[in-house]
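J.:
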């Protein structure tokens, strides 16, 4: 007896910290991404190619068949499938990045190599994307940011006051927001706010340049409806997720510990619980970012916004295979990249996660 | 222990009810006890006996709803802390009363460093700056037997073993030099050799710091080695209370007697067959008007059905002071 | 005692059983190490005997139980149960062998399907392994429920309607359904209240007497193991460090870890507690992925000396019927097997 205060031996070492393992993890995932993306690119190429429709379908019928064949030859549309696939791969991964670097730094890496050209407009697909991306980013990006800013506090409060009237209303609105498709809410707000009330323009003017207060106000007015519709949809999902995550953490033992230490409710909820609850929420938000580019197809169509989504629809309609293949593949790349980002974020936010 | 000294904690007639869809569950029924300065009070009972709920009720640590503390007084430092309101209660928690919980694996916040979690109550209750709190946190870690404390402050809970985490919990609980430490099954989740370490640590800290301790457990062995006085709970009530040696040498309540017989011994003669307490612990759906143990009791008679026994002293001292029991049957007087 | 009889054949023979769980790491997920959960254990269990297997969490005692029943495929070693080597059986042969060996789990809540009635849970092994019609099977279910003290009126109820002790009875009835010879009880009472534990232990003992069962009783509760086991194996970090008859172990543990473990168990006796000399081990159990070289207990042993840090002691017979893996009981040089110098340690290993 009398053997007091027993220090554990030095052998009980603190485990290795996360960063080196994290690096291994990222490298591993990137290496895995290469075959994954190659496979996806092949599948996309084949599916798009096998789809019925011809790039000539939009050309007047008065043009004789032999001219049509020549036109197809000129586009390279009659080359064998795999020739086109490998050319496209080379263009996507080597030539287009080279042009991009050239345009940024004034170098001449590309040396005039042929770019991915749209069959419809004969202009480089990446140039078109470059022109349309700002429109998409402005509207959809704003909507997504707004959704996050609204949804997280709602989710937190709903969980903290579970089954309160606030929570009940929140649950109902989220259910509606999530289950009613955006083309319906989109048309509904157009009918109410543009046609009946005439508060906002029903058609989005892509050519609008923001130069002064008046044009800025005009831009804000035309953004209100699409942003609101998309934000509602995204906020519904994020707030539900935040609420569920908060509820799970509110029941944890460490919350009781924080209260037993005499911490105020603000510290208990907004520091101890929220910090833990946000870990899965942040990853869900990161995973949702690719949908900013893809998921807005319908919204852009409904509000006639000339963005990436509308470009996808245009390419489908005109059987513009290079554009469609490139756009679809960009979505695939974004999804793979943001999955990786989500996993890395998880590792950064949660000290327990060690990638090994 | 100083007898007759003003108790640091005096609980009178505490009642706690859980409101559920199936009706109210009367988890704690008119529980009274006190804690003298520097004393270690052991609270023994099975799951559902109300031992943890009682202690959580004292400082409003039960989620409400469903919990509802319906009555009683809890005197601590000259005030009834059931009436002072939540904000004032927060000044008591962690400052005058420290808590250690059962599962050290889940009781610490996984995303904050050990140092941060020890420093929090120091900053909140002692008015320390971050730097002061950090220095004190390292001292506290040393105190609970964690070497290399300064470095360990930056570690996260998952980097510690269960025994080490429980040491950290003890450091947090003792950070503001509390009058009372409530330890709710602090060694139940630990291995037996680690349990021995923690018990030695608490014994040592008691001598150094002199706080009074309430130690909740289901393990009579742990209580035998550490407590000054023991309170046995069953069905949300105190059924017996006595100094530790008196309780083990001269148990009065049939439940205490059966409990002592049912656990196998490590040394001495080995029983051919274990004594059994038949039946299940009760779930109390109404305010009790009969003895809660009667269904499992070998001494039950008509009066046990008709009247909930009140605590009565058996050694001349007042109830709560010496040895008291809540039972209609008297040991030795009947069919023992 | 069983060992007094003329050497009966053991029902269970375990030889050098190893269960390693591989660790993969790095960019290419190379096999970079193993968690050596069980790292070479050997023991016999006689028919009708109860072998207690004790140790702290992470020592590998549950893994031994599971590997014995081929719930894991062992890395190495043999497990002979009733004459058949379980470790190498084909899946179909193993299925046919399953009725002889059963398991009772720790958590009666998690090991019972919540959507099945009692009759379905207990009758499931009958449907899988016997050919009788529904009525015969139901009769057998009633018989089993009776044997474990469950009223047959409960047959149509679901597990959540029962308390922990009753659920453990259901688990035991299911294990008994096919008349097993050998049952692994993996912490069967750890999740139960004190007043319920005795009920379940008495039931297990009654069933053993009536049906001639053989048990491997895995538990961290040393008092309960003393009550139920005939012999006891003490595990530490994947190895058996002492294997002794129950009374000998509890009266005089030989291995320093067994000593420390027994001395750490609190006893419900304030007078004894006040005078007991307790060996407090320092620190925590090392990781089984990286066990110490030499004796696995050398990092915490109060009686450690140089040889312990370099050479792993084998489990050898130190006294008649008692096996210990400790250099205190081996000859200083690697002598011929069998000649063992028993050094009775005179110091109790109490620090200070």
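Protein chains in written order, with our numbering: chain A, 1 to 356; chain B, 1001 to 1336; chain C, 2001 to 2352.
The beta carbon of each residue, even a glycine, is placed where N, CA and C say it ideally should be.
Among the residues of its own chain, which have a CB less than 7 Å from the CB of residue 2266 (chain C), if the five just before and after it don't count?
T.: Once the five neighbours on either side are set aside, the close Cβ partners of residue 2266 (chain C) are 2273.
J.: Between the alpha carbons of residue 320 (chain A) and residue 223 (chain A), how many angstroms are there, rounded?
T.: 29 Å
J.: Please check if any C-beta of chain C sits within less than 8 Å of the C-beta of residue 1277 (chain B).
T.: yes
J.: Could you confirm whether any beta carbon from chain C is found closer than 8 Å to the beta carbon of residue 28 (chain A)?
T.: It does; some Cβ of chain C falls within 8 Å.
J.: Using a beta-carbon distance below 8 Å, is residue 264 (chain A) in contact with chain B?
T.: yes
J.: Residue 1256 (chain B) and residue 1247 (chain B) look like a contact to me (Cβ under 8 Å); what is the Cβ gap, rounded to whole Å?
T.: 7 Å
J.: Is the Cβ of residue 2325 (chain C) closer than 8 Å to any Cβ of chain B?
T.: no
J.: Starting from residue 2197 (chain C), follow the alpha helix (DSSP H) in both directions and report where the run begins and ends.
T.: 2194-2211
J.: Could you give the first and the last residue of the continuous beta strand (DSSP E) run that contains residue 2018 (chain C)?
T.: 2012-2025
J.: Which residues does DSSP list as the beta-bridge partners of residue 1243 (chain B)?
T.: B:1229
J.: Going along the chain, which residues of its own chain have a beta-carbon closer than 8 Å to the beta-carbon of residue 2148 (chain C), five neighbours each way excluded?
T.: 2169, 2170, 2172, 2173, 2176, 2203 and 2207
J.: So, using beta-carbon positions, are residue 1264 (chain B) and residue 2223 (chain C) closer together than 8 Å?
T.: yes
J.: Return the chain-ordered list of same chain residues with a C-beta closer than 7 Å to the C-beta of residue 1157 (chain B), the five sequence neighbours on each side being excluded.
T.: 1108, 1110, 1114 and 1165
J.: Return the first residue and the last residue of the beta strand (DSSP E) that residue 2185 (chain C) is part of.
T.: 2182-2186
J.: For chain A, find out if any of its Cβ atoms is closer than 8 Å to the Cβ of residue 2027 (chain C); answer yes or no.
T.: yes
J.: Using a C-beta to C-beta distance shorter than 8 Å, which residues of chain B count as neighbours of residue 276 (chain A)?
T.: 1109, 1110 and 1111
J.: Closest to residue 1276 (chain B) by C-alpha separation, out of B:1225, B:1259 and B:1238, would be which residue?
T.: B:1259
J.: Compute the beta-carbon to beta-carbon distance between residue 2079 (chain C) and residue 2068 (chain C), rounded to the nearest angstrom, for a pair I have assumed lies under 8 Å.
T.: Indeed, because the Cβ distance is near 5 Å, the residues count as touching under 8 Å.
J.: So the candidates are B:1068, B:1059, B:1171 and B:1221; which of them puts its Cα closest to the Cα of residue 1084 (chain B)?
T.: For residue 1084 (chain B), the nearest C-alpha among the options comes from B:1059.
J.: Under a CB-based cut-off of 8 Å, is residue 207 (chain A) close to chain C?
T.: no
J.: Run through chain C and tell me which residues come within less than 9 Å of residue 37 (chain A), C-beta to C-beta.
T.: Those do not exist, as residue 37 (chain A) stays about 18 Å from chain C at its closest Cβ, beyond 9 Å.
J.: Could you please give me the residues that DSSP links to residue 1015 (chain B) through a beta bridge?
T.: B:1071
J.: Are there three or more Cβ pairs, one per stretch, closer than 8 Å when the stretch 1127-1147 of chain B is compared with the stretch 322-342 of chain A?
T.: no
J.: What are the start and end residues of the beta strand (DSSP E) that includes residue 2129 (chain C)?
T.: Where residue 2129 (chain C) is concerned, there is no enclosing beta strand (DSSP E), although the alpha helix (DSSP H) it sits in stretches over 2118-2129.
J.: Can you tell which of C:2019, C:2299, C:2027 and C:2020 has its C-alpha closest to the C-alpha of residue 22 (chain A)?
T.: C:2027
J.: Measuring only between beta-carbons, confirm whether residue 1334 (chain B) sits less than 8 Å from chain C.
T.: Low per-residue confidence applies at residue 1334 (chain B): pLDDT is 48, beneath 50, and the placement is therefore not dependable, though the value from the model is reported in the following sentence. For residue 1334 (chain B), no CB of chain C lies under 8 Å from its own CB, so it is not counted at the interface with that chain.
J.: So is residue 175 (chain A) buried or exposed if we call it buried at 16+ other beta carbons inside 10 Å?
T.: exposed
J.: Say whether chain B places a C-beta atom closer than 8 Å to the C-beta of residue 2224 (chain C).
T.: yes
J.: With residue 2143 (chain C) as the anchor, note down where its alpha helix (DSSP H) starts and where it stops.
T.: Counting along the chain, the alpha helix (DSSP H) containing residue 2143 (chain C) begins and ends at 2134-2147.
J.: Please classify residue 1021 (chain B) as buried or exposed, where buried requires at least 16 other C-beta atoms within 10 Å of its C-beta.
T.: exposed
J.: Could you check which residue in A:129, A:159, A:81 and A:350 has the C-alpha nearest to that of residue 248 (chain A)?
T.: It is A:159.
J.: Compare the Cα-Cα distances from residue 2239 (chain C) to each of C:2043, C:2013 and C:2197 and report the closest residue.
T.: C:2043
J.: Taking Cβ-Cβ distances shorter than 7 Å, what residues in chain B pair up with residue 2072 (chain C)?
T.: Those do not exist, as residue 2072 (chain C) stays about 23 Å from chain B at its closest Cβ, beyond 7 Å.
J.: Closer than 9 Å by beta-carbon distance: list the chain B residues that pair up with residue 2148 (chain C), in chain order.
T.: Contact annotation for residue 2148 (chain C) against chain B: no contact, minimum CB-CB distance about 14 Å [criterion: below 9 Å].
J.: Count the CB pairs spanning the stretch 1271-1286 of chain B and the stretch 1087-1107 of chain B that are closer than 8 Å, and state whether there are at least three.
T.: Not touching, per the Cβ criterion.
J.: Exposed or buried, which one is residue 2159 (chain C) when buried takes at least 16 other CB atoms within 10 Å?
T.: A residue is called buried when at least 16 other Cβ atoms come within 10 angstroms of its Cβ; residue 2159 (chain C) meets this threshold and is buried.
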